[in-house]
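K.L.:
There are 2 protein chains.
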Amino acid sequence: MTSFPDLDATPVLVVDTDVLERNLTRMARSADARGLHLRPHVKTHKCVEIARRQLAAGARGLTVATVSEAEVFADAGADDLFVAYPLWVDAARGARLRALAARVRLTVGVESTAGVRALTAHAGTGVGVLVEIDSGHHRTGVPPERAGAVAAAARDEDLEVLGVFTFPGHSYGPGVPPVAAAEESVALAAAAASLRAVGIEPAVISGGSSPTVMIETPTEATELRPGVYVFGDAQQLELEAITEQDLALTALATVVSARGDVVVLDAGSKILGADRASWATGYGRILGTPDARIVALSEHHATVQWPGHTSPPALGERVRVVPNHACNAVNLVDELVAVSGDAVVGKWPVAARGCTT
Amino acid sequence: MTSFPDLDATPVLVVDTDVLERNLTRMARSADARGLHLRPHVKTHKCVEIARRQLAAGARGLTVATVSEAEVFADAGADDLFVAYPLWVDAARGARLRALAARVRLTVGVESTAGVRALTAHAGTGVGVLVEIDSGHHRTGVPPERAGAVAAAARDEDLEVLGVFTFPGHSYGPGVPPVAAAEESVALAAAAASLRAVGIEPAVISGGSSPTVMIETPTEATELRPGVYVFGDAQQLELEAITEQDLALTALATVVSARGDVVVLDAGSKILGADRASWATGYGRILGTPDARIVALSEHHATVQWPGHTSPPALGERVRVVPNHACNAVNLVDELVAVSGDAVVGKWPVAARGCTT
């Protein structure tokens, strides 16, 4: 088991740069082969070094979740940013959006007439918009057939309406990705038709989640916005969106307690995150031991049931834990340790860690 | 609903300093009335300002989870620290423990003979130890009757054995706290007897979790180590360990989407944490609206089902969300906004945020 002798403390998050590069290249090529622009969601890694690699691999711009994430990546030189969120814009946020729009190509999400009016009232008309539609996740976004009404309201406020976007987050369930991908495709086509019905030709029709993005190309889509594909995680593995060879992010952990087939690691929810979907088989996975299960998780303890057919690691041994949800794990640390094989090749700051506003 | 006009961005974590002081005082008085020392666990708040208030209210020292937390609080002037964790000590961690022990009174947890030997091999004998016992949580710690064997091994290595400790974490379940408190009491007494049987009189017999700490005084206990009591959280509320009036920590959030009785807030798992125990009724609670339920949580969205008998907040309105687990929420931010009523009275750095090692 890889032990990373250069690292003298656990738990830390480690990125396998060889796997990372493979993941980046594969997604870039896949989008290219389908004639789609790739605008990866950087909320997964929050890391300038990785965003630069995504742009170098052909990404047309970056997706962010918050204005403060946009500020970090603009500071790092990104020049085309989409805030994929139905921002509520008040005076303070409006001022920040104006400042951003003065230096980058900036697009934000809208999903209500009231939201459109708050945006123009406080941020002016220098920001492009995409109308968010609900393709089945039932979180934010209007029904596809109502996208035209929101788009028309934005046009009436002199905003540039670029098109529509959705996040098929309901893809996160065993067996569900193909269904969600099909629903996304129908919804995006309906939303595009809804814009055309009010005289707006959508230049951008944007979709994609990591579980669905390789399955099917949404009808009429122009752009994909996957996030987790850079690292993979235990959720993607259990959804069969990836295989173990695609896992680039792990928490290096040490065995601190061992009794029979049960070991306790020093990696808990403060390095892995506390995510556990109803369908997940545990609180994460152990790299190289697919049958081990993390049966309990506290802030600084992972209790692991080791499979009977292999010997569990001994006290003081190191193992690599795959978080359930990469995005929340990365947001817990100030830096990622970049490795190649057993060697540390860099420390990458998580520049947008904690950027919630 | 309190809107904090001084705060120009959401989501942020807000601490009601009046409630905080009440919580600190109540616990300090309760411990004092029972003749117990209070050594609060600072992993909950990771905040020097709050630790100072705990010490001013009579705490005998602080409990931490990691060596890096100990380093932060030692830097801030704390002089008596207990690392309540069965550390695996290698050369690097041993050097850090030696440096700490040279400037503070330092105690650490042990639960195996191998762990004791690794500690002395790398950190020497300047660190005191408490033997961790399992009082029913089944995470780390030896069975109570085996505490004496670990204690004797530590004594044989010339370590100062101060006593025993446990964390009755199995108290986290509806109706369970009284049972867990009783089991803790029996286990601590048995562990103390086990030490006496090898000729060691325990000076410290340490227990306590926030759900159990007010219920029953463990037989023979000398010390309590609650953490969450400073803030309370939705878990403590649902366990009936506290009432809504005891909640000091909330995430100030804005409504970004509203449809009928369902509203979506901008506070997701990146400010609240993703904790959701199997028995929890949702992903957190809404302060002042006990019947509202957070039915879904993404990184930047909380989907809230508002109760039919009250009007849901409108787009752009602010609400306060109570995290399920205060410790993981605080660890997501760089600072806590301290308020009194509707006024901001300070910004408190989360000095030990991300201190996992």
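In order, the protein sequence lines correspond to chains A and B. When you line the first sequence up against this note's numbering, it's residues 672 to 1028, in that order. When you line the second sequence up against this note's numbering, it's residues 672 to 1028, in that order. Using N, Cα and C, we set each Cβ at its ideal position, and we do this for glycine too.
Note down the Cα distance separating Phe753 (chain B) from Val926 (chain B), rounded to an integer number of angstroms.
P.N.:
The alpha-carbon atoms of Phe753 (chain B) and Val926 (chain B) are separated by roughly 42 Å.
K.L.:
If you compare alpha carbons, which of B:Arg769, B:Ala985, B:Thr883 and B:Thr696 is closest to His841 (chain B)?
P.N.:
Checked all of B:Arg769, B:Ala985, B:Thr883 and B:Thr696; the closest Cα to His841 (chain B) is B:Thr883.
K.L.:
Give me whichever residues DSSP pairs with Ile804 (chain A) in a beta bridge.
P.N.:
Beta-bridge pairing links Ile804 (chain A) to A:Val813.
K.L.:
Which residue from B:Glu831, B:Asp904, B:Val1015 and B:Cys998 puts its Cα closest to that of Val1021 (chain B)?
P.N.:
Closest by alpha carbon: B:Cys998.
K.L.:
Would Val760 (chain B) and Ala789 (chain B) qualify as a contact pair, given that the criterion is a beta-carbon distance under 7 Å?
P.N.:
Cβ distance < 7 Å, so Val760 (chain B) and Ala789 (chain B) count as in contact.
K.L.:
With DSSP collapsed to three states, give me the class of Ala747 (chain B).
P.N.:
Three-state result, Ala747 (chain B): coil.
K.L.:
What are the boundary residues of the alpha helix (DSSP H) that includes Val719 (chain B)?
P.N.:
Its alpha helix (DSSP H) spans residues Val719 to Ala727.
K.L.:
Quick check: the Cα distance between Pro757 (chain B) and Asp689 (chain B), rounded to an integer number of angstroms?
P.N.:
Going by the C-alpha atoms only, they are around 36 Å apart.
K.L.:
Under 8 Å Cβ-Cβ, which residues of chain A neighbour Thr811 (chain B)?
P.N.:
By Cβ distance, chain A contributes Val927, Ser928, Val935 and His972.
K.L.:
Only counting the same chain, and skipping five residues up and downstream in sequence, which positions put a Cβ closer than 7 Å to that of Glu891 (chain A)?
P.N.:
Counting only Cβ-Cβ distances below 7 Å, and skipping sequence neighbours, we find Leu859, Ala860, Ala863 and Ile876.
K.L.:
Any chance you could list the alpha helix (DSSP H) runs of at least 4 consecutive residues sitting entirely within the region 917-992 of chain A, in chain order?
P.N.:
Qualifying alpha helix (DSSP H) stretches, in chain order: 940-943.
K.L.:
For Ala924 (chain B) versus Ala938 (chain B), is the C-beta distance shorter than 7 Å?
P.N.:
Cβ atoms of Ala924 (chain B) and Ala938 (chain B): closer than 7 Å.
K.L.:
Which residues in the same chain as Lys714 (chain A) place their Cβ atom closer than 7 Å to its Cβ, once the five residues preceding and following it in sequence are excluded?
P.N.:
So the qualifying residues of the chain are Val735, Ala736, Glu740, Gly898 and Cys998.
K.L.:
Assuming Leu707 (chain B) contacts Thr888 (chain B) under a Cβ cut-off of 8 Å, what Cβ separation, rounded to an integer in Å, is found between them?
P.N.:
The Cβ separation is near 7 Å, so the contact holds.
K.L.:
Could you spell out the range, first to last residue, of the alpha helix (DSSP H) harbouring Ser865 (chain B)?
P.N.:
Unbroken alpha helix (DSSP H) run through Ser865 (chain B): Pro848 to Ala868.
K.L.:
Secondary structure at Ala892 (chain A), three-state DSSP: helix, strand or coil?
P.N.:
Ala892 (chain A) falls in the coil class under three-state DSSP.
K.L.:
What residues from the region 763-778 of chain B come within 8 Å of chain A, judged by C-beta to C-beta, listed N to C?
P.N.:
So the close ones are Ala763 and Arg764.
K.L.:
Give the DSSP bridge partners of Phe753 (chain A), in chain order.
P.N.:
In DSSP, Phe753 (chain A) forms a bridge with A:Thr734 and A:Thr778.
K.L.:
With C-beta atoms as the reference, is Gly955 (chain B) less than 7 Å away from Asn1002 (chain B)?
P.N.:
Taking 7 Å as the Cβ cut-off, Gly955 (chain B) and Asn1002 (chain B) do not qualify as a contacting pair.
K.L.:
So Val1004 (chain A) and Ala973 (chain A) are supposed to be a Cβ contact under 8 Å. How far apart are they, rounded?
P.N.:
Incorrect: roughly 16 Å between the Cβ atoms, too far for contact.
K.L.:
Going by alpha carbons, who is nearest to Gly903 (chain A) out of A:Val992, A:Ala728, A:Asp679 and A:Val787?
P.N.:
Comparing Cα positions, the closest option is A:Val992.
K.L.:
Can you find a CB in chain B that lies within less than 7 Å of the CB of Leu923 (chain A)?
P.N.:
For Leu923 (chain A), the answer is no, since every Cβ of chain B falls outside 7 Å of its Cβ.
K.L.:
Using only the alpha-carbon positions, how far apart do Gly953 (chain B) and Leu968 (chain B) sit?
P.N.:
For Gly953 (chain B) and Leu968 (chain B), the distance between alpha carbons rounds to 9 Å.
K.L.:
Check whether chain A comes within 7 Å of Leu1007 (chain B), counting only Cβ atoms and requiring the distance to be less than that.
P.N.:
Judged by the 7 Å Cβ criterion, Leu1007 (chain B) is not in contact with chain A.
K.L.:
Alpha carbon to alpha carbon, how far is Gly732 (chain A) from Gly748 (chain B)? Give it in angstroms, no decimals.
P.N.:
Near 47 Å, if we compare the C-alpha coordinates of Gly732 (chain A) and Gly748 (chain B).
K.L.:
Step through the CB atoms of chain B and report whether any lies within less than 7 Å of the CB of Ile1029 (chain A).
P.N.:
Lying outside 672 to 1028, the shown extent of chain A, residue 1029 (chain A) is not represented and no answer is given.
K.L.:
Taking 7 Å as the cut-off, decide whether the C-beta atoms of Leu777 (chain B) and Val800 (chain B) are in contact.
P.N.:
For Leu777 (chain B) and Val800 (chain B), no; Cβs fall outside 7 Å.
K.L.:
In the structure shown, what three-state DSSP assignment does Glu1006 (chain B) receive?
P.N.:
If DSSP states are grouped into helix, strand and coil, Glu1006 (chain B) belongs with the strands.
K.L.:
Have a look at Ala985 (chain B) and Gly786 (chain A) and give me their C-alpha separation to the nearest angstrom.
P.N.:
Taking the straight line joining both Cα atoms gives about 12 Å.
K.L.:
Assign Ser806 (chain A) to buried or exposed, taking buried as 16 or more other Cβ atoms, counted over all protein chains shown, within 10 Å of its Cβ.
P.N.:
The residue in question, Ser806 (chain A), is buried, as its Cβ has 16 or more Cβ neighbours within 10 Å.
K.L.:
By the criterion of Cβ-Cβ separation under 9 Å, what are the contact partners of Val1004 (chain A) in chain B?
P.N.:
Correct list: Gly1025 and Thr1027.
K.L.:
Taking the beta carbon of Lys941 (chain A) as the centre, do at least 16 other beta carbons fall within 10 Å, making it buried, or is it exposed?
P.N.:
Buried, by the Cβ-count rule.
K.L.:
With distance defined between alpha-carbon atoms, name the residue in A:Gln976, A:Thr960 and A:Gln906 nearest to Gly944 (chain A).
P.N.:
Minimum Cα distance to Gly944 (chain A) is reached at A:Gln906.
K.L.:
Which first and last residues belong to the beta strand (DSSP E) in which Ser877 (chain B) is found?
P.N.:
Ser877 (chain B) -> beta strand (DSSP E) spans Val875 to Gly878.
K.L.:
Taking Gly1012 (chain B) as the reference, give the member of B:Ala755, B:Leu691 and B:Pro845 with the closest Cα.
P.N.:
Taking only the C-alpha atoms, the option nearest Gly1012 (chain B) is B:Leu691.
K.L.:
How many Å lie between Ser928 (chain B) and Glu803 (chain A) at the Cα?
P.N.:
If you take the alpha carbons of Ser928 (chain B) and Glu803 (chain A), they lie about 11 Å apart.
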